[in-house]
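Just below is one structure, and these are the notes that go with it.
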Amino acid sequence: MEKKWWQKEVIYQIYPKSFYDSNNDGIGDIKGITQKLDYLQSLGITMVWICPIYQSPMADNGYDISDYYQLNPEFGEMKDLDELIEKAQEKGIKIVLDLVINHTSDEHPWFQDLLANPETSKYRDYYILKSGKDGQPPTNWRSVFGGSVWEPLKNTDEYYFHSFDIKQPDLNWENKEVREELYEMVNYWLEKGIAGFRVDAITFIKKDQSYDNLPADGVDGLVKCTKKARNQPGIEDFLHELKDETFSKYDCVTIGEAPGVPYEQYSDYIGDNGYFSMIFDFRYADLDVASGSEWFKRVDWDVLGLKKLIFTSQKEIQKAGWGANFLENHDQNRSISKYIKEEENRHFYSATMLGAMFFYLRGTPFIYQGQEIGMTNFERESIEEFDDISSIDQYYRSMKEGFSAEEALRFINLRSRDNSRTPFHWNDKKYGGFSEAKPWLGMNENYKMINAEQQEQDPDSILQFYKEIIQVRQVSEASDCLIYGEIEPILEEHPTIVAYKRKLNNEEVVCYFNFSSECQKVDFDFNNFDVLLNNYKEEKETIFEQTYSLKPYQALVLQKKGASNHE
Ligand code: GLC
Ligand code: CA
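Read in order, the letters of the sequence shown are residues 1 to 567 in UniProt numbering.
Have a look at this one:
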């Protein structure tokens, strides 16, 4: 694969509502990001992806856009964004925005016009409208956030289609005019000087045109819409055109949120002529549930299973192109709470082990805000404390499926998207230093212990170790190998150690991660290796004894001696 600039980046994902509140109204904002650029620079990241900041009624926190060209005043003005882009650039940090083009808000002027003039609106064909059948919606498909994908269009016998919430009507990609409006908007933002886009829910843009019913898969009589409305044949034409009309005219990076793409199709998405620079693979992030949208179907998993998912993903991506690696994002629960079963008292070791494990996989690493200080899930006591629309849907759906209220609450506490959306912990003061006003979403009380200020001062903190993890990838002897090298799993059948090699020409880096709270012996001749990274402080010599035992949650990364790092 030809080298690309975006392979070298380390991306930090910001959920703007919860990052930093510069004007004390309880809501994070763009100026807040600008004010924290020094923090981001000292962490060592090179690019920031900001979740949607466009005008929006915020039914889905910005993933419901009512004006693609304006910013949500809660977040700031255009001049604030210009300032952020400029100041970030001075610090060597690029800005990537979110691109939400599968749907708009129902408050978008196009949809508003349709509501006002259902028969005559010129925007009728901008959305997907169908007549019902015998007083029933056109199909029995279930939306991602629950209920039918069809919502009656007021004062008509028609329905409009929404893959997500009622307030997120899907755009009709079959209509060329819609596509052209979107391309113009994409180019407007790229002209503005952003580095690229994270492309939201993009595999939903093509629907199976037969609009047939399917056998129900739940007690609600509905069936997941993903079977008919995600990654459907014909999507390739839309994606080629999108790329040709926009991305390919710029030297930009594009990160596709592309769930549901089978590995056989990965080369179409991320190969040399792929639609995107890289895509996220959710298979291991969703290992604890039957699917990302059915949290009540819990899956019991073990490290071996996790490892299989990670390595299958890595091998398939390596065959096809380039991947986007992540442990957390704004739709996921916190990684320590998800992947570490016996977390007790090992917060530092488990967080740093996980951090290094995913960081040196082949691909561009993404850090989600707060992950670098080891923020955890936030357990809530009642449904009223949740903001996330999908949590509320999952709660009631779990009960409909026969679970008790306690069980339903447990499922959403484990999985809720609100787990990662709590305000960032800057210090141990009131509201974690995020704001002086009461934050829009409840804070996790553990900010008194887990916060950035304390970790900045503590040389042995998770934050300091993350800086080291980043340095080793970006500016060490082993950088080229860790960025561009091939990946090869080792100890594939070991029940608790995740291990792999990275190889570039005659260079070699070997990585061991112990996912267990017990010591684990490894047979390996360490004598030809230097230690690059270790989350335990120990005499280097002890590592080179005949058989070495990895300590609980140890991360050990070693580089083969003597190989030149020049190609
Ligand atoms: C993506 C976003 C998620 C949003 C959904 C609908 O999955 O990551 O937050 O709710 O798309 O736009
Ligand atoms: Ca604010």
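Where is the CB? At the ideal position from N, CA and C, for every residue including glycine.
As the structure is a computational prediction, the values presented were derived from the model and not from experiment.
CB contact flag (residue i, residue j, <9 Å)
{"i": "F411", "j": "F296", "result": "yes"}
{"i": "V558", "j": "V522", "result": "Note that residue 558 corresponds to Leu in the displayed sequence, not to Val. Against a cut-off of 9 Å, the Cβ pair of V522 and L558 comes out as no contact."}
{"i": "I470", "j": "L71", "result": "no"}
{"i": "Y275", "j": "H240", "result": "yes"}
{"i": "Y263", "j": "E372", "result": "no"}
{"i": "F197", "j": "I255", "result": "yes"}
{"i": "K338", "j": "S293", "result": "no"}
{"i": "I317", "j": "G363", "result": "yes"}
{"i": "A229", "j": "W173", "result": "no"}
{"i": "I85", "j": "I11", "result": "no"}
{"i": "L299", "j": "A290", "result": "Here the sequence assigns Val to residue 299, which means Leu is not the residue at that position. A contact, by the Cβ cut-off of 9 Å."}
{"i": "P423", "j": "D21", "result": "yes"}
{"i": "D113", "j": "V178", "result": "no"}
{"i": "L153", "j": "K91", "result": "no"}
{"i": "T376", "j": "I450", "result": "yes"}
{"i": "S58", "j": "E74", "result": "The sequence given here has Met at residue 58, not Ser. Yes; because the gap between Cβ atoms is below 9 Å, this pair is in contact."}
{"i": "L306", "j": "V149", "result": "no"}
{"i": "E245", "j": "E180", "result": "yes"}
{"i": "V186", "j": "L81", "result": "no"}
{"i": "Y349", "j": "P552", "result": "yes"}
{"i": "K8", "j": "Q474", "result": "yes"}
Where the beta strand (DSSP E) containing residue i begins and where it ends
{"i": "F164", "result": "No beta strand (DSSP E) holds F164; DSSP gives it neither H nor E."}
{"i": "E294", "result": "294-298"}
{"i": "F280", "result": "278-280"}
{"i": "T254", "result": "253-256"}
{"i": "D38", "result": "From DSSP, D38 is part of no beta strand (DSSP E) but of the alpha helix (DSSP H) over 37-43."}
{"i": "F111", "result": "Note, F111: premise wrong, no beta strand (DSSP E); alpha helix (DSSP H) at 109-116."}
{"i": "T547", "result": "547-550"}
{"i": "M47", "result": "47-50"}
{"i": "T139", "result": "Element bounds for T139: n/a, residue is neither H nor E."}
{"i": "Y68", "result": "67-71"}
{"i": "Y512", "result": "507-514"}
{"i": "D268", "result": "Element bounds for D268: not the beta strand (DSSP E) but the alpha helix (DSSP H), 266-270."}
{"i": "A290", "result": "289-291"}
{"i": "K521", "result": "520-523"}
Residue i in three-state terms, based on DSSP
{"i": "G196", "result": "strand"}
{"i": "K8", "result": "coil"}
{"i": "E488", "result": "strand"}
{"i": "V303", "result": "helix"}
{"i": "M449", "result": "coil"}
{"i": "W178", "result": "According to the sequence shown, residue 178 is Val rather than Trp. Three-state result, V178: helix."}
{"i": "Q559", "result": "strand"}
{"i": "V472", "result": "helix"}
{"i": "Y126", "result": "helix"}
{"i": "L309", "result": "helix"}
{"i": "M375", "result": "coil"}
{"i": "residue 620", "result": "Outside the shown range of the chain, which is 1 to 567, sits residue 620, and nothing can be said about it."}
{"i": "D530", "result": "strand"}
{"i": "T364", "result": "strand"}
{"i": "V186", "result": "helix"}
{"i": "Q457", "result": "helix"}
{"i": "E567", "result": "Reliability of the predicted coordinates at E567 is poor, the pLDDT of 44 falling under 50, and no value is obtained from them."}
{"i": "A201", "result": "coil"}
{"i": "E538", "result": "coil"}
{"i": "L99", "result": "strand"}
{"i": "I497", "result": "strand"}
{"i": "N419", "result": "helix"}
{"i": "L327", "result": "coil"}
{"i": "S148", "result": "strand"}
{"i": "E2", "result": "coil"}
Span of the alpha helix (DSSP H), counted from its first residue to its last, around residue i
{"i": "K243", "result": "235-245"}
{"i": "D82", "result": "78-90"}
{"i": "Y339", "result": "335-339"}
{"i": "T352", "result": "347-359"}
{"i": "R397", "result": "389-400"}
{"i": "N413", "result": "405-415"}
{"i": "K430", "result": "Note, K430: premise wrong, no alpha helix (DSSP H); not H, not E."}
Minimum Cβ-Cβ distance from residue i to chain E less than 9 Å
{"i": "Y63", "result": "Structure shown: chain E not included; a single protein chain is present."}
Touch test, the stretch 140-160 against the stretch 120-132, Cβ-Cβ under 8 Å, three pairs minimum: The stretch 140-160 is in contact with the stretch 120-132.
Neighbourhood of ligand 1 [Cβ distance below 6 Å to any heavy atom], ordered by chain position: Result: D60, Y63, V100, F164, D200, A201, E257, H330, D331.
Inter-stretch contact (C-beta, 8 Å, three-pair minimum) for the stretch 314-326 and the stretch 506-514: Judged by Cβ distances under 8 Å, the stretch 314-326 makes no contact with the stretch 506-514, as fewer than three pairs qualify.
Touching by the beta-carbon criterion (3+ pairs, under 8 Å), the stretch 481-488 and the stretch 512-522: Touching, no.
Contact the stretch 264-276 vs the stretch 347-366: 3+ CB pairs below 8 Å: Output reads no: the stretch 347-366 does not touch the stretch 264-276.
Below 5 Å from a heavy atom of ligand 2 - residues by beta-carbon: The chain-ordered list of residues whose CB is nearer than 5 Å to some heavy atom of ligand 2 reads D21, N23, D25, I27, D29.
Meets three-Cβ-pair contact criterion under 8 Å: the stretch 204-218 and the stretch 16-34: Between the stretch 204-218 and the stretch 16-34 there are fewer than three C-beta pairs closer than 8 Å, too few to call the two in contact.
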